[in-house]
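Undergrad: Going from the sequence shown to the numbering used here is simple: count from 1 and add 1.
All C-beta atoms in this analysis are idealised placements derived from N, C-alpha and C, irrespective of residue type, glycine included.
Only a predicted model underlies this, so the values are computations on that prediction, with no experimental measurement involved.
First, the structure itself, so that you have it in front of you.
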Amino acid sequence: MTKEKIYLSSPHLGGNEIKYVQEAFDTNWIAPLGPNVNGFEEELAAYSKTAHCAALSSGTAALHLALILLGIEQDDEVLCSTFTFSATVNAIAYQKAIPIFVDSEKETWNICPKTLEEAICARIENGTKPKALVLVHLYGMPSKMEEIMQVCDKYSIPIIEDSAEALGATYKGQKMGTFGKLGVFSFNGNKIITTSGGGALISEDQGLIDKSRFLATQARDAAPHYQHSQIGYNYRMSNIVAGIGRGQLEVLDNHIALRRANNEWYKSIFQKFEYIEVFTEPSSDYFSNHWLTCILVHSNKKNIVGETIRLALEDENIECRPLWKPMHQQPVFSHHPFYSNGTSDGLFEIGLCMPSGSNLSDNQRYRIKSALLKVLRN
Ligand SMILES: *Cc1c(COP(=O)(O)O)cnc(C)c1O
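Here it is as C-alpha cells:
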C-alpha cells in the first residue's frame, strides 16, 4: 500500500471559513463583491497595519495592476529579483516591459543591495533608467529593507513588494508589503493562508488602491450606460472566496507560529549533520513567517547531495523540491539583462525546500524525520 502523500504546503483551514461562506449563501451574495470582500479588505489592511487594500483574483493579478498603477509600459525597464517564482516576472512581461534581473545576497537570499545599485548605475549609463523595482521576500524571509530603500530613494525608483510568500513576516517590527509604494499578497492553495486562489494589493495611497479596484472591474466609467475610456481587467476577488479569506485571517498568526516551529524542528534534526544548513533569519531584525523551511546541502565526505535527499523522500511519498530556479536561467527569460554575483546560481545548485505545512501531523513528522535520518546515516 502506498503511503499517504506529504506535501510541501497544503491548505489548512481554521474552521470559521465555512461560516463566512454560509453567510454569503444565506444572503445571496454569490455575485462578485459583497460584504465578505469589504470585510476581508478591512481585516487584511488592519492586520498589515496599512491604510488601504484591494482584494483581487490572484497575486499575479495584483502584481500586474501594481505595474500598471506605476505607469509601466512597453519597453520600460523594471528591476526584479532573479531568485523568485515565475509569476513575479510574468506580470512584467504582460506589460511588454523588460525585466532587469538582479542577484541575491547570501544572508536573506533576496536582492543584494550592492548588486542592485550596480545594476541601476549600469542601466543609467546605458541611457535607460529603470522605472520600478519588484522586490521579492522569498520563502517568507524579509529582504534587507534599510539598504534597499536607501538605494531606491537615492535613484527615486519606486518599490513594488512581492510579498506573496511573506504575509505576516516583519523587518524591524514592520510588516512586509508596507515598505514599498505597493505591496502584493497571494492566497493561492500552497501559500501561508489560502482562499483557494486569490490575491491582494495594499498601499498607504488611497488613490492607487481606488484605481486598482477600477481597473480590476473592467475600468467602467461613472455613467449609467457602460462606458470605458481605458483597458480594464476582470481581476476582483469574489464574495465567496473572500469568505474563506476572512476565516483564514483568524488563524494566520497561529499558522505562522506553526511554520516557525517547523523551522526549529528541522534545525534540531539537522544539527548533527554539519554539512546541512537550515535557512533562518540573519538577526533579530528579521522575522520570517518560514512559509517553507529550506536547507542547503554543502559538500561532504558521504557525497550526499540535495538530489540524494529529495529522491529518498520521494521514495516515501514525501514531497521535497529544489529551490526556485532563478529567472535568468529560465529559457523564457534568459535573454534579459542579468546582474550577477553568483549567489542565486549557487543556492539553486544545493538547496531544497522541505515539507512545511502548518498542518503537519505528528505521524507525518515522524515519517519525515525517519526518512531523513535513514538517508543521512546510511
Ligand atoms: C505565489 C507567488 C506569486 C503569485 O501568486 P498567485 O496568487 O499564485 O498568482 C507571485 N510571486 C511569488 C513570489 C509567489 O510565490
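For Ser-230, which residues from the same chain have a beta carbon less than 6 Å from its beta carbon, with the 5 sequence-adjacent residues on both sides left out?
TA: Counting from 1 along the sequence shown, the entry for residue 230 is found at position 229. Contacts found: Asp-222.
Undergrad: Return the first residue and the last residue of the alpha helix (DSSP H) that Ile-93 is part of.
TA: Position 92 of the sequence shown, counting from 1, holds the residue named residue 93. Looking at the DSSP string, the run of the alpha helix (DSSP H) that includes Ile-93 is 87 to 95.
Undergrad: Return the chain-ordered list of same chain residues with a C-beta closer than 8 Å to the C-beta of Leu-57, the five sequence neighbours on each side being excluded.
TA: Position 56 of the sequence shown, counting from 1, holds the residue named residue 57. Closer than 8 Å at Cβ, skipping near neighbours: Ala-63, Leu-66, Gly-199, Gly-200, Ala-201, Leu-202, Ser-213, Ala-217, Tyr-236, Arg-237 and Met-238.
Undergrad: Curious, which full-length beta strand (DSSP E) runs of at least 3 residues does the segment 170 to 235 contain?
TA: 183 to 187 and 200 to 204
Undergrad: Could you have a look at Glu-278 and say whether DSSP puts it in helix, strand or coil?
TA: To locate residue 278, count along the sequence shown from 1; it is residue 277. Note: Glu-278 maps to strand in three-state DSSP.
Undergrad: Going by other Cβ atoms of all chains shown within 10 Å of its Cβ, with 16 needed for buried, is Phe-186 buried or exposed?
TA: Numbered from its first residue, the sequence shown carries residue 186 at position 185. So Phe-186 counts as buried.
Undergrad: Thinking C-beta only, is Tyr-8 closer than 9 Å to Asn-191?
TA: Here residue 191 is taken as the residue at index 190 of the sequence shown, counted from 1. Here residue 8 is taken as the residue at index 7 of the sequence shown, counted from 1. Their beta carbons are under 9 Å apart, which means Asn-191 touches Tyr-8 by this criterion.
Undergrad: Check whether the Cβ atoms of Gly-246 and Phe-26 lie closer than 9 Å to each other.
TA: As a first step, residue 246 is located in the sequence shown; it is residue number 245 there, counting from the start. As a first step, residue 26 is located in the sequence shown; it is residue number 25 there, counting from the start. For Gly-246 and Phe-26, no; Cβs fall outside 9 Å.
Undergrad: List, from N- to C-terminal side, the beta strand (DSSP E) runs of 3 residues or more that fit wholly inside the segment 260 to 311.
TA: 277 to 279 and 295 to 298
Undergrad: Which residue's Cα is closest to the Cα of Gly-358: Asn-255, Val-306 and Phe-280?
TA: As a working mapping, residue 358 is identified with position 357 in the sequence shown. Among Asn-255, Val-306 and Phe-280, the Cα nearest to that of Gly-358 is on Asn-255.
Undergrad: For Ile-232 and chain C, any beta-carbon pair shorter than 9 Å?
TA: No chain C is present in this structure, which holds just one protein chain.
Undergrad: With Phe-84 as the anchor, note down where its beta strand (DSSP E) starts and where it stops.
TA: Taking the first residue of the sequence shown as 1, we reach residue 84 at position 83. No beta strand (DSSP E) contains Phe-84, which DSSP labels as neither H nor E.
Undergrad: Quick one: grab the DSSP three-state call for Val-333.
TA: Position 332 of the sequence shown, counted from the start, is the residue given in the question as residue 333. Residue state, collapsed to three classes: coil.
Undergrad: By Cβ distance below 8 Å, which residues in the same chain neighbour Trp-266 in space, the five residues on each side in sequence not counted?
TA: The residue labelled residue 266 in the question sits at position 265 within the sequence shown. For Trp-266, where only same-chain residues beyond five positions count, the Cβ hits under 8 Å are Arg-366.
Undergrad: Of the choices Leu-353, Arg-378, Gln-249 and Ser-82, whose alpha-carbon is the least far from that of Ser-105?
TA: The count along the sequence shown starts at 1 and reaches residue 105 at position 104. Distance from the Cα of Ser-105 is smallest, within the candidate group Leu-353, Arg-378, Gln-249 and Ser-82, for Ser-82.
Undergrad: By how many angstroms is the C-alpha of Leu-361 removed from the C-alpha of Leu-70?
TA: Counted from its first residue, the sequence shown places residue 70 at position 69. Counted from its first residue, the sequence shown places residue 361 at position 360. Rounded to whole angstroms, Leu-70 to Leu-361 spans 39 Å at the Cα level.
Undergrad: Comparing the CB of Thr-129 with every heavy atom of ligand 1, is any distance shorter than 8 Å?
TA: Taking the first residue of the sequence shown as 1, we reach residue 129 at position 128. Not under cutoff, so the answer is no.
Undergrad: What three-state label does DSSP hand Ile-73 in the structure shown?
TA: Counted from its first residue, the sequence shown places residue 73 at position 72. For Ile-73, the three-state secondary structure derived from DSSP is coil.
Undergrad: So, using beta-carbon positions, are Phe-188 and Phe-349 closer together than 9 Å?
TA: Here the question's residue 188 lines up with position 187 in the sequence shown. Here the question's residue 349 lines up with position 348 in the sequence shown. No; because the gap between Cβ atoms is not below 9 Å, this pair is not in contact.
Undergrad: In this structure, does DSSP put Ser-239 in helix, strand or coil?
TA: Taking the sequence shown and counting its residues from 1, one reaches residue 239 at position 238. Looking at Ser-239 - three-state DSSP - the assignment turns out to be strand.
Undergrad: If you measure from the CB of Leu-64, is any heavy atom of ligand 1 nearer than 8 Å?
TA: Numbered from its first residue, the sequence shown carries residue 64 at position 63. Flag set: Cβ of Leu-64 near ligand 1.
Undergrad: Which whole-angstrom value is the C-beta distance of Ala-243 and Ala-313, which I expect to be below 8 Å?
TA: Here residue 243 is taken as the residue at index 242 of the sequence shown, counted from 1. Here residue 313 is taken as the residue at index 312 of the sequence shown, counted from 1. That belief does not hold up - the Cβ atoms of Ala-243 and Ala-313 are roughly 41 Å apart, past 8 Å.
Undergrad: If you draw a straight line from the alpha carbon of Phe-280 to that of Tyr-156, how long is it in whole angstroms?
TA: To locate residue 280, count along the sequence shown from 1; it is residue 279. To locate residue 156, count along the sequence shown from 1; it is residue 155. The straight-line gap from Cα to Cα measures roughly 32 Å.
Undergrad: Short check: CB of Glu-24 to CB of Pro-33, under 9 Å?
TA: Working through the sequence shown from its first residue, we reach residue 24 at position 23. Working through the sequence shown from its first residue, we reach residue 33 at position 32. No, these two residues do not count as a Cβ contact at 9 Å.
Undergrad: Would you tell me roughly how many angstroms separate the C-alpha atoms of Arg-378 and Phe-274, rounded to the nearest one?
TA: By 1-based counting over the sequence shown, the position of residue 378 is 377. By 1-based counting over the sequence shown, the position of residue 274 is 273. Each residue's Cα considered, the two are about 9 Å apart.
Undergrad: Taking 8 Å as the cut-off, does the CB of Gly-198 come closer than this to any heavy atom belonging to ligand 1?
TA: Within the sequence shown, the letter at position 197 stands for residue 198. Gly-198: yes, Cβ under 8 Å from ligand 1.
Undergrad: Between the alpha carbons of Glu-317 and Ala-52, how many angstroms are there, rounded?
TA: Mapped onto the sequence shown, residue 317 falls at position 316. Mapped onto the sequence shown, residue 52 falls at position 51. Using only the alpha carbons, I get a separation of about 47 Å.
Undergrad: Assign Ile-149 to one of three DSSP states: helix, strand, or coil.
TA: Within the sequence shown, the letter at position 148 stands for residue 149. Helix at Ile-149.
Undergrad: Using 8 Å as the Cβ pair cut-off and three pairs as the minimum, do the segment 129 to 143 and the segment 158 to 177 touch?
TA: yes
Undergrad: Following a CB-centred definition, is Thr-85 positioned closer than 8 Å to any heavy atom of ligand 1?
TA: Translated into positions along the sequence shown, residue 85 becomes position 84. Checking every heavy atom of ligand 1 against the Cβ of Thr-85, one is found closer than 8 Å.
Undergrad: Flag this pair as yes or no: are the beta carbons of Tyr-287 and Tyr-140 separated by less than 9 Å?
TA: As a first step, residue 287 is located in the sequence shown; it is residue number 286 there, counting from the start. As a first step, residue 140 is located in the sequence shown; it is residue number 139 there, counting from the start. Contact: no.
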